[in-house]
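Chains A and B supply the protein sequences, listed in that same order. The opening residue of the first sequence carries number -5 in our numbering; numbering runs sequentially from there. The opening residue of the second sequence carries number 3 in our numbering; numbering runs sequentially from there. Every residue, glycine too, gets a C-beta built ideally from N, C-alpha and C. One structure is given below, encoded as C-alpha cells.
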Amino acid sequence: MENLETTSINTWCPGCGNFGILQAVKLAINDLISKGTPKENIVIVSDIGCNSKIVDYLNINSFYSLHGRSIVTAMGIKMANPELKILVFLGDGAALDEGISHLIHAAKRNSDINVIMHNNRLFALTTGQFTAVSPKGLKGKSTPEGSIEEPINPLELMLAANSSFIARAYSAKIEHLKNLIIEAVNHKGFSFIEVMQPCVTFFNTVQFYNEKVYEAVNPELDSREKALALIKEWNYNGEGKIPVGILFKKDRTCFEEESNKHLVKDKKPEIEKCLQTHL
Amino acid sequence: MKNKKDYSIIIGGAAGQGSRKAGLIIAKLFNNLGYNVFISEDYQSLIKGGHNFSIVRISESQHFSTREKADFLLALDANTIDKHEKYLEEKGCVVFNKDKIKREKGVGIASDTITKELGGLPIMSNTALIAGFSKAMGIEWKVLEDALKKELTKGIEKNLEIAKRAYEETKTVLILERIKANPDPLLTGNEAIALGAVKAGLDIYYAYPMTPATSILHYLAEHEKDFNIITSQLENEIAVINSAIGSAFAGKRSMVGTSGGGFALMTEGISLAAQAETPVLIINSQRSGPATGVPTYSSQADLLFTLNSGHGDFVRFIAAPGDANESCYWSGKLLNLAWKYQTPAILLVDKELSESTFEFDEKVLKEIKKEKASLWSGKGEYMRYADAKNGISPMAFPGNKAVVKGTSYEHDIKGLSVEDSESIILMQEKRLRKFKEMALEVDSLEAVKVYGNKKSKKAIIAWGSTKGVALEVAIKLGLKFIQPLVLQPFPKKQFEKALKGVDKLVLVECSALGQMAKLLNCNGIKVDKEILKYDMRPFTVEELEKKLKNI
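Written out as C-alpha cells, the structure is:
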C-alpha cells in the first residue's frame, strides 16, 4: 500500500460522509498505482468547501483551486500534459451553482478528467444554505421558511450535456465507489460521479440513503433512454428509490487529445516563415 | 511644399465592403516603395453597413500616429466622401468609384463596370479601385501586380485582369517616388504580441473572443502548426484564466487575452496565480468603457483597475508598450518574467495599439529568447513553497518524481493549508521577498524611456498607443517626452532620473480622469497639467500640437 498520509489534521465533522469518500479514493489510487499508473502521474484538483479539504489529506500531486473553478483548472492541467490522470473533487454548490457553466462545457467537450461531486445537497462549510440540488422546502439560514426552488437533477443535466460517463455512488458504499472511480479513470473522456454524501451536522440523510439507495445495472450502458429511466427514478426531493452504479457510458473522442494532436515534439516555432506574409 | 514626404490616405466604405483589406494592400504597396507606413483603423460594432475607414500614413520619417488632414481619399461609397472631404488638404485628391458616386473633382474609376464587363465578383471592384489609385499615384504596374499576387488568395487571374484594365484607364496625377530599398514587415500590435510570446516559449493560448484582443486568438489559431502551440477558445474568461493557471501548474507556458469586461471576470484568477505562485501572462487590451462602452473604440481608462486587479496583497508585473516593436518585446519579456518570478504578469495595451498596423523591426525578435525558470533539482523531498532566500521556490510539475501541491489557500512550504499566525507570516514574508526581487528586476530593465529635447524643462508624459502622437509632437515642439513602459513594480529610480530638470509635467492620456497622474501621485510625482481625450479616438497630430503649443 502506498502511504498517502499527510501531516494535516482532518477537520471534517465526526461521521461526515467525506470520510467514506476519502477511503474509497485512497483504495482507488492504490489500485491504479499497483496496476501501473505512476504515482507522479496522478493529480487531484479540488474546489472550495468541506469536500475540497481532501487535497490536504492525500500526499499526492494536487491543486487546491477557487470556488467553482476546479473543473476548468483540471482541464488546463490535462491540456498541458495528457499523460496525467486527473481526479476533481467538488461539492454540489461548486458544480451546480458557482461553476455550472464549466461542468456543462467540460462534459460537452469531453475533457478527459474525472469529476467526483460530493453531493450533500447544501452548502455546509458556510453553515447550511440551499444549493441547486437541495430539496424544495429545505430550511437553512438563508431560507428560514424553506427553500422555494425545485432541485435540478444533475445526472439528467449531464446526460443532456453529452457526458460520456455518468455514475452515482453513496459515500457509505466504499468498495462500490472505489470501483466506480477506477472505471472512471480508465474511461477515456469526461467522467461524472455523483456521490450521495450525508452532512451529519446540517442535513443528516444517513437513514434516508440507507433506505433508498440500491445498486442498479443499466443493461445497455450506451442507451440514453435506459440511462434516463434510471436517472429519473429519484427526483431529489423525497420520492423514489435511488439507483447507484454506472448509469451511462459511451466512448467518443476527447478534448485534450484533439487539441494536442498537431503538436510536434521539440519543433521550433517558424516565426521567420510567418513574417514573410507580412511584407 | 513639405520638407519631407508625408502623406495621409483615408480609405473608407461600409462594413463588409473591404476597406480594411484595401488599406492594407495600399500600405504594403508604399512599404515596398520604401515608405514608412502606419495604419489606424476606425470601425463600428456591426458586420454590414455603417462606416469603416483606415487611415494610412506614408512618410519618409517614421510616424506611428495619424493626422487630421488627408492628402488622398479613396472612397468605396458616397458616405466616405461626405464624412471626410472636409479634412482633405487643399491640394488633396479624391479617388472614387465612378459607378456609385457622381462628382466632377478627383479621379473617378468605373470599377463596377470594369468588374462586370470582365465577369468578376462584385468584391473585385475594390481591386479596380486599388489599381486606379495606384496608377493615379504613379506606382509602377509591376509593383502593384506583385502586391496583388501576394495579398489576394482567391481568383488571382481575374483580379489581375480587372486591375490591369482599371490601371490602364486611369491617369497619373502625381508620382510618389521610391525612397529606400527594403520594406519592413507590417504587423498589428496584436500580431506583434503573439510573436513575442511565441518567441519566449508560449505553449498554450486560451481566450474568449472580445474586441480588441480577438485578433491575437485569430492569429495564433491560424498559425497553430507553424508555432507548434495550442490555441483554445473556452466558455468564458473565468474558464480561460483558470485553465491557463492549470496548464502552467503542469509546466506549460500559457497566455490569455481579453479586454476590460473580460479582464474584470479574470481578476479572481489573477489573485489565484499570485497566491499559488503560478505564472500566467494576461493581455489586457483596453477599449472604451465603463461597461459595454463603445466596443470597437480605444481608451486608456483601465490603468488603475489593472494596477489593482485581484483581491489580496500582491504585486504583479505590468508593462504598457507603445508600438509593435515594444509590444513584441514586452509580451516576450513578461512571459519570461512571469516564469522567473512565478507570478501573474499583465501586458496592458489598447485598441489603437492592438489593431493599428506598424512597421516591425525584426531585430526585436533577436532580443527575445525563452529564459529559464528556477526548477527543482530533484534532490530530497520536494517542497513547492520552500522558504527560499529570494522568495522564489523552485518549481516542479506533476509527472516529475515529486509530490507537487499548488494551492489557493494559505499554505506551508509543502503546500498544505494553514491558518495559524506563524505559518501565515512565514509565507507572506516569502512572497514579500519575492516582490522586492521583482522591483529590482524592473530597475535592470528599460522601464522608462526619454525622447525629444532632453534639456527641455517642459516634459510630456504619455503611455501606450499615445506614445506615437506624443513623440511626434514633442519633437516638433522641442519638448521632452517621457514614456513609462513598466507600471508595476513602479520604476521610481528611472522616473526620478527622467524627471531631472523638468519643472512642468503634462500628462497626455485617452481617459476622462487622468489615471496616470494618479499613479504618479502615489509615487510622489506631481503632474502639472492634464490633456485628456475621451471621445475614444486617438489624438491626431494637429489636435495635440494645438493643445501643447501654449503650455
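Round the Cβ separation of residue i and residue j to the nearest angstrom and send it over; I've been treating them as touching at under 8 Å.
i	j	result
Ala209 of chain B	Ala215 of chain B	7 Å
Ala163 of chain A	Leu174 of chain A	5 Å
Ser67 of chain B	Val508 of chain B	17 Å between Cβ atoms; not a contact.
Ile80 of chain A	Val189 of chain A	Between Val189 of chain A and Ile80 of chain A the Cβ distance is about 17 Å, and since that is not below 8 Å, they are no contact.
Leu90 of chain B	Gly140 of chain B	Contact doesn't hold; Cβ gap of about 19 Å is too wide.
Lys220 of chain A	His181 of chain A	The Cβ separation is near 18 Å, so there is no contact.
Ile240 of chain B	Arg246 of chain A	Incorrect: roughly 26 Å between the Cβ atoms, too far for contact.
Ala24 of chain B	Leu120 of chain B	With 8 Å as the limit, Ala24 of chain B and Leu120 of chain B do not qualify as a contact, their Cβ atoms being about 19 Å apart.
Glu34 of chain A	Lys381 of chain B	Rounded, the Cβ-Cβ distance is 16 Å, inconsistent with contact.
Can you list, in chain order, the residues of its chain with a C-beta nearer than 6 Å to that of residue i? Leave out the 5 residues immediately preceding and following it.
i	result
Ala562 of chain B	Given a span of 3 to 553 for chain B in the structure shown, any question on residue 562 of chain B remains unanswerable.
Gly259 of chain B	Ala209, Ala215, Ile218, Ile285
Ala476 of chain B	Gly454, Ile462, Phe483
Glu338 of chain B	One point to set straight first is that residue 338 of chain B is Asn, not Glu, in the sequence displayed. Within the same chain, Asn338 of chain B has close Cβ partners Ala202, Glu373.
Phe186 of chain A	Val109, Met152, Ser157, Ile160
Phe541 of chain B	Val471, Lys535
Leu171 of chain A	Ala18, Ala163
Lys506 of chain B	Lys460, Asp530
Phe251 of chain B	Thr280, Gly408
Met257 of chain B	Ala199, Leu204, Tyr207, Leu283
Leu215 of chain A	Lys243
Ile60 of chain B	Tyr9, Phe32, Tyr37, Val39
Leu76 of chain B	Ile13, Val97, Phe135
Leaving out five residues on either side along the sequence, give the residues of the same chain with a beta carbon under 8 Å from the beta carbon of residue i.
i	result
Pro124 of chain B	Asp114, Thr117
Ala16 of chain B	Lys50, Gly51, Gly52, His53, Asn54, Leu78, Asp79, Asn81
Leu551 of chain B	Sequence check: residue 551 of chain B is Lys here, not Leu. Only Leu479 meet the Cβ criterion.
Gly134 of chain B	Val97, Val109, Ile111, Ser113, Ala168, Tyr169, Glu171, Thr172
Lys166 of chain B	Ala133, Trp143
Pro145 of chain A	Arg115, Ala126, Val127, Ser128, Pro129, Lys130, Asn229, Tyr230, Asn231
Lys6 of chain B	Ser61, Glu62, Ser63
Using a Cβ-Cβ cut-off of 7 Å (strictly less than) and excluding sequence neighbours within five positions of residue i, which residues of its own chain qualify?
i	result
Ile426 of chain B	Glu412, Val420
Met73 of chain A	Glu250, Ser253
Ala375 of chain B	Trp341, Lys342, Met397
Val49 of chain A	Ile38, Ser40, Ser56, Tyr58
Ala29 of chain B	Val39, Ile41, Val58, Leu188, Thr359
Listing by chain order, which chain D residues have their CB less than 9 Å from the CB of residue i?
i	result
Val282 of chain B	Of the protein chains in the structure, A and B, none is chain D.
Cβ-based contacts, 9 Å cut-off: residues of the region 171 to 187 of chain B near chain A:
Pro185, Asp186, Pro187
Of all the alpha helix (DSSP H) runs that stay within the bounds of the region 293 to 324 of chain B, which reach a length of 4 or more residues?
You should have 305 to 309.
Identify each residue in the region 85 to 113 of chain B for which the Cβ-Cβ distance to at least one residue of chain A is less than 9 Å, and report them in chain order.
Within the region 85 to 113 of chain B, no residue qualifies.
Three or more C-beta pairs closer than 8 Å, one from the region 224 to 242 of chain B and one from the region 305 to 315 of chain B: is that the case here?
no
Does the structure place the region 276 to 284 of chain B close enough to the region 100 to 115 of chain A that three or more beta carbon pairs sit under 8 Å?
no
Going along the chain, which unbroken runs of the beta strand (DSSP E) with 3 or more residues stay wholly within the region 228 to 290 of chain B?
Listed in chain order, they are 232 to 235, 256 to 260, 282 to 288.
Can you list, in chain order, the stretches of the beta strand (DSSP E) that have 3 or more residues and sit fully within the region 347 to 421 of chain B?
At a cut-off of 3 residues, the continuous stretches assigned as beta strand (DSSP E) that sit fully inside the region 347 to 421 of chain B are 359 to 361, 407 to 409.
Using Cβ-Cβ distances below 7 Å, what residues of the region 79 to 104 of chain A are close to chain B?
Ser95, His96, His99
Three or more C-beta pairs below 8 Å linking the region 153 to 170 of chain B and the region 183 to 202 of chain B
Three or more beta-carbon pairs separated by less than 8 Å are not found between the region 153 to 170 of chain B and the region 183 to 202 of chain B, which leaves the two stretches without contact.
Give the list of continuous alpha helix (DSSP H) stretches no shorter than 4 residues that lie fully inside the region 466 to 507 of chain B.
Those alpha helix (DSSP H) runs which fall completely within the region 466 to 507 of chain B and span 4+ residues are 468 to 479, 494 to 500.
Under 8 Å: do the region 39 to 46 of chain A and the region -5 to 4 of chain A share three or more Cβ pairs, one atom per stretch?
no
Kindly confirm or deny that the region 399 to 414 of chain B and the region 310 to 317 of chain B touch, where touching means at least three C-beta pairs closer than 8 Å.
Under the Cβ criterion (8 Å, minimum of three pairs), the region 399 to 414 of chain B does not count as touching the region 310 to 317 of chain B.
Quick check: the region 83 to 93 of chain A against the region 118 to 133 of chain A, are at least 3 beta-carbon pairs closer than 8 Å?
yes
Along the region 401 to 412 of chain B, what residues have a CB closer than 8 Å to any CB found in chain A?
Within the region 401 to 412 of chain B, Gly401, Asn402, Lys403, Ala404, Val405, Val406, Lys407, Gly408, Thr409, Ser410, Tyr411 place their CB atoms closer than 8 Å to a CB of chain A, listed in sequence order.
Evaluate the contact criterion for the region 110 to 120 of chain A versus the region 190 to 199 of chain A: three or more CB pairs, one atom per stretch, below 8 Å.
yes
Any alpha helix (DSSP H) of 4 or more consecutive residues that is wholly inside the region 154 to 206 of chain B:
158 to 171, 191 to 201
Fully enclosed by the region 121 to 183 of chain A, which alpha helix (DSSP H) runs are 4 residues long or longer?
The region 121 to 183 of chain A contains these whole alpha helix (DSSP H) runs: 148 to 154, 168 to 180.
Contact set between the region 244 to 273 of chain A and chain B, restricted to residues whose Cβ is under 7 Å from the partner:
Ser253, Asn254, His256, Leu257, Val258, Lys261, Pro263, Glu264, Ile265, Lys267, Cys268, Leu269, His272, Leu273
Identify every run of the beta strand (DSSP E) within the region 39 to 113 of chain A, keeping only runs that are complete inside it and at least 3 residues long; order them along the chain.
Entirely contained in the region 39 to 113 of chain A, the beta strand (DSSP E) runs reaching 3 residues are, in chain order, 56 to 58, 79 to 85, 108 to 113.
Is the region 430 to 437 of chain B in contact with the region 375 to 393 of chain B, if contact means three or more CB pairs nearer than 8 Å?
yes
Cβ contact (3+ pairs, closer than 8 Å) linking the region 294 to 302 of chain B and the region 324 to 339 of chain B
no
Can you list, in chain order, the residues of the region 249 to 262 of chain B whose Cβ is nearer than 8 Å to any Cβ on chain A?
Ser249, Ala250, Phe251, Ala252, Gly253, Lys254, Ser256
Would you check if the region 242 to 249 of chain B and the region 53 to 71 of chain A touch, i.e. whether three or more CB-CB distances between them fall below 8 Å?
yes
If the cut-off is 7 Å on Cβ atoms, which residues from the region 212 to 233 of chain B count as contacting chain A, listed in chain order?
His225, Glu226, Lys227, Asp228, Phe229, Asn230, Ile232
Do the region 143 to 152 of chain B and the region 38 to 47 of chain B meet, that is, are 3 or more Cβ pairs less than 8 Å apart?
no
Identify every run of the alpha helix (DSSP H) within the region 169 to 248 of chain A, keeping only runs that are complete inside it and at least 4 residues long; order them along the chain.
You should have 200 to 206, 218 to 225.
Looking at chain B, which residues of the region 49 to 61 of chain A have a Cβ within less than 8 Å of any of its Cβ atoms?
Val49, Asp50, Asn53, Ile54, Asn55, Ser56, Phe57, Tyr58, Ser59, Leu60
Using Cβ-Cβ distances below 9 Å, what residues of the region 62 to 73 of chain A are close to chain B?
Gly62, Arg63, Ser64, Ile65, Val66, Thr67, Ala68, Met69, Gly70, Ile71, Lys72, Met73
Positions along the region -2 to 24 of chain A whose CB lies within less than 8 Å of some CB in chain B:
Those would be Thr0, Thr1, Ser2, in chain order.
Residues from the region 34 to 45 of chain A in contact with chain B, defined by Cβ distance under 7 Å:
Within the region 34 to 45 of chain A, the residues whose Cβ lies closer than 7 Å to some Cβ of chain B are Glu34, Asn35, Val37, listed in chain order.
Of all the residues that make up the region 155 to 183 of chain A, which are near chain B by a beta-carbon distance shorter than 9 Å?
none
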